[in-house]
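Chemist:
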Amino acid sequence: MLVSLRISQFGLVDDLVLSVGPGLTMLTGETGAGKSMIAGALSVLAGAPVPKDLVREGEDEAYVEGVFDLAERPRTLARLREAGVLPAADGVLVIRRELRRAGRNRVLINGILSSLQVLDQVGPLLISVQSQDQQRELERAGHARDLLDELGGGLAQRAAVKAAWTAWRQAEAELAERRRDVAAGREQLELWRYQRDELEAAGLREGEETEIAESLAVARHAAEMQSAAAAALAAVADEDGGAQARLARAARDLERQAGRSSRLAGALERLHAAVDQADEAARILERFLDGFDGGPDDLEALETRAQLYQDLQRKYRCDVAQLNDLLARLQARVARQDAADDDLADLEAGLADSARALSQACAELRRLRRGAAPGLARSAEDLIRPLALPDLALEFRVVPRLDPESPLKVDGAACRVQTDGADDVDLMVRTNPGEKAGPVSAIASGGEKSRIHLGLTALRRRDEEPPLLLFDEIDAGLGMDNALPVAGLLRRLAAGAQVLCITHLPTMAVHGGVHWLAKKGRVGTRTLLEVGVLDPAARVDEIARLLGGAGVKGGAETQRSYARDLLRDAGREVPESGRRGRVNAS
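Be aware that the sequence shown starts at 139, since it is given in my numbering, and climbs by one per residue.
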């Protein structure tokens, strides 16, 4: 809950610190006293946009800071962590909005720079402002649907609809993409097949081009190479004067004397090695001459093969490795195109399955909505009728979103399906018997909307960890007697929670566990907003002021007596008659 609120250089506020406790707090003050500054400051902490003209005249910067103690609110802490906000170990969270006349505003959460986007997520978990502007939520498209799903047990099924809708759209996108691929492939298929067949027939192999170049060099100089190889073989292997024979004889001549000299032994070792190398060279030359085939036919075949490599690389503008990669892609394209009919059939079947699943999910959500709507309307009526709306009739009307061009059918009718289902839900209101029901925006007055919104808020606030609720003149348009049920509902909401209500009615104000008074003061030439907590005697004076008194028989004392009676009836502390009151400054 909110522990303290600090406002600095904001509008008429110089520097104001308010301690906030549990239960129902009432804020009163004369018209124009600046009560809206408190509401505005809380709205700022909840993430509302802020005009720069709220920075106090003569100052460059203003700020609003709220300290929240969330130690006993594990669910709120968990949701904050999901949003990336980390409270202190003791559960304390400090939110600060800094407003600059020049330059960018800032959001600080526990002293760390954050963003308005993050505040938009976490602010509503901590503060909910219910003012004339917020009551327009009743007119927001989707408000009644959201309320019905939340309170009628439809949120899980609505999540299932969203998941089914996502799967259907994905299946639809995959089929559309495959159809585009097939259409584009039909135009290219013959070219792909020709290129594939050409590269497959070529049978290119990495490294073969180098081998062909070597073979061509051999074939083009066949005679010279054959003559040179034969002469070399004769010089090495001739039995009489060849190198091999002479080396062998030299080795035999040294063998008898090698044992007598290490140098001769070394020479003998090298002669033996030379004999072995000469023998190996002779065998290589013999194999070369035995396998030599460098005729014109071989030369022509090699040149044709080499030209094929050159032609294909020039044609496709890539090397051999890239040509083989291209072949693999062409084979895959042709195979994919050949499988197009089967693929399309499978994707169409998958789309049909996902459409059926989505339609069934929407039908189930519609069934839940229609089943919950009457009971929710009755519950809301029971809460709202005592709020000076005795003849109120509410109806959550679930209307299929029909669309003859939609491919999806729900309960046999083509409907426009979105992530929230296939229905529009309207909150229909009748405030006077015998009149026709209509949308709340068209039927209800401003005050009636306030009370309807209050009742629906009470329905929604079954949460064990509600935010601070601020009601800004929820009693607008009500007489003093009719305000009593509204006050009772506020007290009910405040049990175990925090509720702050700005009011002008004494019959509302007496129900607060704490009473704040807003008034304007003067410091030199400056006007300042002051907010203080009224002690019991000062509270009697303020209730008497709200009651009026000019021209009343008995004057101010009669009004103070009436104020004490109202406080006593509300179960609040009543001071002794004649005791002077005091405002405790905050």
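For every residue, glycine included, the Cβ atom is placed at its ideal position computed from N, Cα and C.
Can you tell which of H642, A419, R390 has the C-alpha that lies nearest to the C-alpha of A370?
Modeler: With distances taken between Cα atoms, A370 lies closest to A419.
Chemist: Which first and last residues belong to the beta strand (DSSP E) in which Q268 is found?
Modeler: 265–268 is the extent of the beta strand (DSSP E) around Q268.
Chemist: Please report the residue range of the beta strand (DSSP E) in which K657 lies.
Modeler: 652–661 is the span of the beta strand (DSSP E), which, as asked, contains K657.
Chemist: Does the segment 615–627 touch the segment 587–595, meaning 3 or more C-beta pairs lie closer than 8 Å?
Modeler: Flag = yes, the segment 587–595 and the segment 615–627 touch.
Chemist: Is the separation between the beta-carbon of V202 and that of L218 shorter than 8 Å?
Modeler: No; because the gap between Cβ atoms is not below 8 Å, this pair is not in contact.
Chemist: Can you tell me which residues form a DSSP beta bridge with F609?
Modeler: For F609, which the question treats as bridged, DSSP gives the partners Q268, C639.
Chemist: Give the single residue among V256, R239, I233, L237 whose Cα lies nearest to the Cα of L246.
Modeler: Checked all of V256, R239, I233, L237; the closest Cα to L246 is I233.
Chemist: For A531, which three-state DSSP category applies?
Modeler: A531: strand per DSSP, three-state reduction.
Chemist: Suppose you measure from the CA of E393 to the CA of A375; what does that come to, to the nearest Å?
Modeler: Between E393 and A375, the C-alpha separation is close to 22 Å.
Chemist: Would you mind giving the Cβ-Cβ distance between L597 and L289, rounded to the nearest angstrom? I have them listed as a contact below 8 Å.
Modeler: That pair is a contact at about 6 Å.
Chemist: Below 8 Å, can you find three or more Cβ-Cβ pairs linking the segment 145–154 to the segment 621–640?
Modeler: No contact exists between the segment 145–154 and the segment 621–640.
Chemist: Taking the beta carbon of I265 as the centre, do at least 16 other beta carbons fall within 10 Å, making it buried, or is it exposed?
Modeler: Classification of I265: buried, given that the 10 Å Cβ count is 16 or more.
Chemist: Within a Cβ cutoff of 8 Å, which residues of the same chain sit near K300, ignoring the five residues on either side of it in sequence?
Modeler: Excluding residues within five positions, the ones whose Cβ falls inside 8 Å are T557, D558.
Chemist: Extract the residue ranges of the beta strand (DSSP E) inside the segment 552–579, only unbroken runs of 3 or more that lie entirely within it.
Modeler: If we require 3 residues or more, the beta strand (DSSP E) runs fully inside the segment 552–579 come out as 561–568.
Chemist: May I ask you to verify whether the segment 515–527 touches the segment 333–343, counting CB pairs closer than 8 Å and requiring at least 3?
Modeler: No, the segment 515–527 does not touch the segment 333–343.
Chemist: I'd like to confirm something about T557: is its beta-carbon nearer than 7 Å to some heavy atom of the ligand ZN, or not?
Modeler: In terms of ligand content, the structure shown is empty, and the ligand ZN therefore cannot be addressed.
Chemist: Inspect the beta-carbon positions of L409 and A389 and report whether they are closer than 8 Å.
Modeler: Closer than 8 Å, so yes.
Chemist: Contact between the segment 316–323 and the segment 578–587: three or more CB pairs below 8 Å?
Modeler: Not touching, per the Cβ criterion.
Chemist: Less than 6 Å between C-beta atoms, sequence neighbours within five positions excluded: which residues of the same chain meet that for T214?
Modeler: The residues are L208, L263, E603.
Chemist: Look at the alpha carbon of R706 and the alpha carbon of V648, and state the distance between them as a whole number of angstroms.
Modeler: Approximately 9 Å, taken between the alpha carbons.
Chemist: For the beta strand (DSSP E) that contains L165, what are its first and last residues?
Modeler: Looking at the DSSP string, the run of the beta strand (DSSP E) that includes L165 is 161–166.
Chemist: How about V548 and S497: do their beta carbons lie closer than 8 Å?
Modeler: Yes, Cβ-Cβ distance for V548 and S497 is below 8 Å.
Chemist: Helix or strand or just coil, what does DSSP make of E338?
Modeler: E338: helix per DSSP, three-state reduction.
Chemist: Do L489 and A309 have their C-beta atoms within less than 8 Å of each other?
Modeler: Contact flag set, yes.
Chemist: Pop quiz: L684 and L643 are said to be a contact at Cβ under 8 Å. What is the actual Cβ separation, rounded to whole angstroms?
Modeler: So it is a contact: roughly 7 Å between Cβ atoms.
Chemist: For V202, write down the residues that DSSP places opposite it in a beta bridge.
Modeler: Paired residue(s): I145, R235.
Chemist: Under 8 Å Cβ to Cβ from R324, same chain only, skipping five residues before and after it: list those, please.
Modeler: Answer for R324: Q475, listed in chain order.
Chemist: Using alpha carbons as the reference points, say which of A372, Y454, L525, R535 lies closest to R504.
Modeler: When only C-alpha atoms are compared, the closest one is R535.
Chemist: For A412, which residues from the same chain have a beta carbon less than 7 Å from its beta carbon, with the 5 sequence-adjacent residues on both sides left out?
Modeler: Same-chain partners within the cutoff: L385.
Chemist: Based on Cα-Cα distance, which residue from R443, A368, M175, L140 lies nearest to G159?
Modeler: Nearest option by C-alpha distance: L140.
Chemist: Distance, Cα to Cα, D287 vs M646?
Modeler: Using only the alpha carbons, I get a separation of about 32 Å.
Chemist: Would you kindly check if the distance between the Cβ of D561 and the Cβ of V537 is under 8 Å?
Modeler: Yes, the pair counts as a contact, with Cβ atoms nearer than the cut-off.
Chemist: What residues in its chain sit with their C-beta under 8 Å from that of A305, if we drop five residues either side in the sequence?
Modeler: S492, A495, L496.
Chemist: Can you grab the Cα-Cα spacing for the pair G689 / E168, in whole Å?
Modeler: Low local confidence applies: a pLDDT of 45 at G689 is under 50, so the model's placement there is unreliable, with the coordinate-based value given in what follows. Roughly 19 Å between the two C-alpha positions.
Chemist: Between which two residues does the alpha helix (DSSP H) carrying T169 extend?
Modeler: That residue, T169, is in no alpha helix (DSSP H); it is neither H nor E in DSSP.
Chemist: So, using beta-carbon positions, are L293 and L565 closer together than 8 Å?
Modeler: No; because the gap between Cβ atoms is not below 8 Å, this pair is not in contact.
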